[in-house]
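Taking it in order: structure first as structure tokens, then the write-up.
2 protein chains.
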Amino acid sequence: MNAAVDLLDEHGSRGLTFKLLTERLQTGAGAVYWHVANKDELVTMATDQVIGTALERLSPEPGTSPEARIRALALSVYDTLDQHTWAAPHVVAVHTMPHTMRLLERIGGMIAETRLPVRRRFAVATAIFIYLTSVTAQDAGRAVAAGPDSTRDDMLRHEAQQWAALDPETFPFVTRIAEDLGHHDDRDQFLTGLDLILDGLRAQVGDLP
Amino acid sequence: MNAAVDLLDEHGSRGLTFKLLTERLQTGAGAVYWHVANKDELVTMATDQVIGTALERLSPEPGTSPEARIRALALSVYDTLDQHTWAAPHVVAVHTMPHTMRLLERIGGMIAETRLPVRRRFAVATAIFIYLTSVTAQDAGRAVAAGPDSTRDDMLRHEAQQWAALDPETFPFVTRIAEDLGHHDDRDQFLTGLDLILDGLRAQVGDLP
DNA sequence: ACCTGAACACCGTTCAAGT
DNA sequence: ACCTGAACACCGTTCAAGT
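Protein chains in written order, with the numbering used here: chain A, 19 to 227; chain B, 19 to 227.
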């Protein structure tokens, strides 16, 4: 399984083949199939393992507000998945896997410390959980699409140029913000959305220290 | 291209093969490759076309607040992508495609009607755009994972049982909300997160009529 | 300019046989 | 119980040849 994570880091989920895996493990294909049902399950298990490392690396930080700790937790997961860009798109299928359950449990625990009404806890905790996993997946997916050959900046510059080249009459907004895209950071962007959600949460709870 | 969308609806992006496509179009593989570079590009173009239909089906609804119109737009896209579950995961790669640009333009235009400071418009508009596309992608991805054989309810029930079966000591939150998962609706869930974001937006703008 | 379709390289999965 | 590795079915992509 660790070998699978390594190979996925090197080649991505598409680039991982049973040939590569059996070569590295010095075994036959059947050996792998004795432990997993198919390639999907293999990648899913590897993905859950990555989620596990994100939880491990997090320091407790007691004393701070639940919202701040949710923020820190979300960032830790974001950064970890950013290092394993192949993993994020598979978090979808992983809702029932052990480490991913631990992640939801942590978020829920923090929400429970809030003065949010009990009946709203499920909805808000899963909303944050879903925001976290799915936006991370999208950002990581874009990083994969960019490829290791072209740098992220090159790609953003290229995209910004395409935006700027659009017709300003039909695309007044997009053409005007095209240059903002140039110095855009996915991580900041992720935080902006997360903070909007946390602001919404505070608004529902009533903001007191 | 329309044939591609139909086949994708029938078989999903994995199930779409050049064999199926050339049979339906009564041509050879080379004919398809004359128009697209590879399968990825084919699916990307089909995905953008789906986004286009989501924008088409939307009625203008003038007079309502920008936030309410963003909500309606987001729901339209959500529902359309929900009917083409194969598409959502590919919206990532599509940020530069024509209809997807129109979507961002629309959101941005509505944000511009808000009293949000100009320098924050880019960040907030893309935050909403990213929330919309990526959460939709996750929900749709889960629908694909469930498969057409087992119903959604069966799957949720099964997942809820797994949650309930966890150790209540280490998973106090998850086990307690397990039953909420039973009558859970992805669409409501999507709205909960969206409303949190819109609440956050209103909090930043100052809520006036 | 656009299409044909056979050929190629490759990959996930299976399975009879081994230990 | 767990591993071996050859064999199978299939699929994306290419390309010389056609119109």
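Even glycine gets a Cβ: it sits at the ideal position worked out from N, Cα and C.
Just so you know, these numbers come straight off a predicted model, no measurement behind them.
Query                                                                                                       : Result
Burial state of B:H29 (16 or more Cβ within 10 Å)                                                           : exposed
Length of the line joining the Cα atoms of A:A90 and A:T82                                                  : 10 Å
CB contact below 9 Å: B:T188 versus chain A                                                                 : yes
Per-residue burial, B:A156 [other beta carbons within 10 Å of its own, 16 or more giving buried]            : Note on residue identity: the sequence assigns Gln, not Ala, to residue 156 of chain B. Burial call: buried.
Length at least 4, wholly inside the region 73-130 of chain B: the alpha helix (DSSP H) runs in chain order : 84-101
Three-way DSSP call (helix, strand, coil) for A:H53 in this model                                           : helix
Chain B contact residues for A:M119, given Cβ-Cβ distances below 9 Å                                        : Q180, W181, L184, F189 and V192
Closer than 9 Å to chain B by CB, A:T114                                                                    : yes
Inter-residue Cα distance where the pair is B:R138 and B:G126                                               : 11 Å
Partners in chain B for A:E123, counting only beta-carbon separations shorter than 7 Å                      : F189, F191 and V192
Neighbour-count burial assignment, B:M128, 16 or more Cβ in a 10 Å radius                                   : buried
Beta carbon proximity, B:T40 to chain A, threshold 9 Å                                                      : no
Contact set between B:D217 and chain A, taken where Cβ atoms lie within less than 8 Å                       : D217, G218, A221 and Q222
Where B:T144 meets chain A, residues with beta-carbon distance less than 7 Å                                : Q207
Residue-chain proximity (A:F140, chain B), Cβ-Cβ < 9 Å                                                      : yes
Contacts that B:Y149 makes with chain A (C-beta to C-beta distance below 9 Å)                               : Y149, S152, V153, G211, L214 and I215
For A:L26 and A:L34, believed in contact at Cβ under 8 Å, the rounded distance                              : 5 Å
8 Å Cβ cut-off: residues of chain B touching A:G127                                                         : P190 and F191
Beta carbon of A:T103 nearer than 9 Å to that of A:V192                                                     : no
Reduced DSSP category for B:T35 - H, G, I as helix; E, B as strand; rest coil                               : coil
Closer than 9 Å to chain B by CB, A:D97                                                                     : no
Cβ neighbours of B:D206 in the same chain (closer than 7 Å, five flanking residues each side left out)      : none
Inter-residue Cα distance where the pair is A:M44 and A:L60                                                 : Looking at the sequence itself, residue 44 of chain A is Gln, so the reference to Met does not match. Those two C-alpha atoms are separated by around 17 Å.
Alpha-carbon to alpha-carbon, B:I195 and A:P227                                                             : Residue confidence for A:P227 is low, a pLDDT of 39 falling below 50, so the modelled location carries little weight; the figure read from the coordinates is stated next. In a straight line, the C-alpha of A:P227 is about 27 Å away from that of B:I195.
Range of the contiguous alpha helix (DSSP H) that encloses A:P190                                           : P190 to G200
Contact list for A:G159 against chain B, beta-carbon separation under 7 Å                                   : V110
is_contact[A:D100, chain B] using C-beta, thresh 9 Å                                                        : no
Residue burial classification, A:T65 (beta-carbon count within 10 angstroms, cutoff 16)                     : buried
Three-way DSSP call (helix, strand, coil) for B:F44 in this model                                           : Looking at the sequence itself, residue 44 of chain B is Gln, so the reference to Phe does not match. Coil at B:Q44, not helix or strand.
Contact set for B:R160: own chain, Cβ-Cβ below 6 Å, skip 5 residues either direction                        : none
Range covered by the alpha helix (DSSP H) that runs through A:L228                                          : Given that chain A is displayed from residue 19 to residue 227, the structure contains no residue 228 of chain A and the question cannot be resolved.
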